[in-house]
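Numbering (our numbering), first residue to last: 1 to 264.
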């Protein structure tokens, strides 16, 4: 597997991206204590979940509507920086309506038609950026063909106010190695399959081969597949949010470095 991967290669068969700006958006969600989402007449199913990473946006309710169905609330009160566990929906094409928490679909501030969920696949919707420029990403999650003893991660840049970054693996011994370069805001990196274990990541924010921010990823077991989001809160503090298949999410705060070492 290559260890130096450009995060600009976004449009492959495992990723479709929807950018929405200027209005309150959230992607598709995935659970809740309400009725099952309305869906096409088919026995084949897909899995759908969501994560709210817009730091100053309020909580939202999300509705799914199939071409022949009525809107059905898929999730309620989704707030920053929460993730929603997968829900199973019939494969097909849906409209997503997003409203402020507690409001009906008829009061949606955003309606997104024509989102296709294929059978036997898993999807994550992401809301990110500040409220005034809110945007959404729709990702296909890949759990297939992960070798024994490995984990799988990908980096997603949703940190408001942070420009392009390079992400380096800083091992306990040996030389640091680049994992991603020139990751732009809103970009989604390719998956990396790596030996299971703990990792120290250095984020270079100004292309000077110096780790401006350092994060220590915990020792994750083999078989883990995670989306790792770079996020800022409403005060501009940067952290990582790791989203796991189980529905768990782990907030990883930056490590304080007294005298950061150079990458080269």
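No residue lacks a Cβ here, since even glycine has one placed at the ideal position from N, Cα and C.
Would you call residue i buried or exposed, if buried means 16 or more other Cβ atoms sit within 10 Å of its Cβ?
i: residue 219; result: exposed
i: residue 248; result: exposed
i: residue 92; result: buried
i: residue 169; result: buried
i: residue 189; result: buried
i: residue 124; result: buried
i: residue 35; result: Low confidence applies here, because residue 35 scores a pLDDT of 44, under 50, leaving its location unreliable; read the following figure in that light. Residue 35 is exposed by the Cβ-count criterion.
i: residue 195; result: exposed
i: residue 99; result: buried
i: residue 246; result: exposed
i: residue 202; result: buried
i: residue 235; result: exposed
i: residue 71; result: buried
i: residue 32; result: For residue 32, the predicted model reports a pLDDT of 37, less than 50, meaning its position is unreliable; a value from the coordinates is still stated below. Residue 32 comes out buried.
i: residue 204; result: buried
i: residue 74; result: buried
Using DSSP with H/G/I as helix, E/B as strand and the rest coil, what is residue i?
i: residue 131; result: helix
i: residue 77; result: strand
i: residue 204; result: strand
i: residue 287; result: Any property of residue 287 remains undetermined from this structure, which presents the chain solely from 1 to 264.
i: residue 72; result: strand
i: residue 105; result: helix
i: residue 193; result: strand
i: residue 146; result: coil
i: residue 13; result: Its pLDDT being 33, under 50, residue 13 is placed unreliably by the model, and the measurement read from it follows with that caveat. Reduced to three states, the DSSP call for residue 13 is coil.
i: residue 163; result: coil
i: residue 185; result: coil
i: residue 118; result: coil
i: residue 44; result: coil
i: residue 235; result: coil
i: residue 141; result: strand
For the beta strand (DSSP E) containing residue i, list its first residue and its last residue.
i: residue 216; result: 213 to 220
i: residue 63; result: 60 to 65
i: residue 240; result: 238 to 244
i: residue 154; result: 150 to 158
i: residue 251; result: 249 to 252
i: residue 172; result: That residue, residue 172, is in no beta strand (DSSP E); it is neither H nor E in DSSP.
i: residue 230; result: 225 to 232
i: residue 97; result: 92 to 100
For chain B, find out if any of its Cβ atoms is closer than 9 Å to the Cβ of residue i; answer yes or no.
i: residue 91; result: Protein chain content of the structure displayed is limited to a single chain, and chain B is not contained in it.
Is any heavy atom of the ligand FAD found at a distance shorter than 8 Å from the C-beta of residue i?
i: residue 96; result: This structure lacks the ligand FAD, and indeed carries no ligand of any kind.
Below 9 Å between beta carbons: does that hold for residue i and residue j?
i: residue 81; j: residue 231; result: yes
i: residue 89; j: residue 77; result: no
i: residue 122; j: residue 48; result: yes
i: residue 200; j: residue 242; result: no
i: residue 167; j: residue 57; result: no
i: residue 213; j: residue 254; result: yes
i: residue 152; j: residue 94; result: no
i: residue 147; j: residue 46; result: no
i: residue 273; j: residue 101; result: In the structure as shown, the chain starts at 1 and stops at 264, and residue 273 therefore has no counterpart that could be examined.
Three CB pairs or more closer than 8 Å across the region 219 to 236 and the region 139 to 147: Enough Cβ pairs lie closer than 8 Å, so yes.
Segment contact, 8 Å Cβ cut-off, at least three pairs: the region 51 to 62 with the region 119 to 133: Segments in contact, yes.
Three or more C-beta pairs below 8 Å linking the region 186 to 200 and the region 154 to 164: yes
Segment contact, 8 Å Cβ cut-off, at least three pairs: the region 63 to 72 with the region 91 to 111: The region 63 to 72 is in contact with the region 91 to 111.
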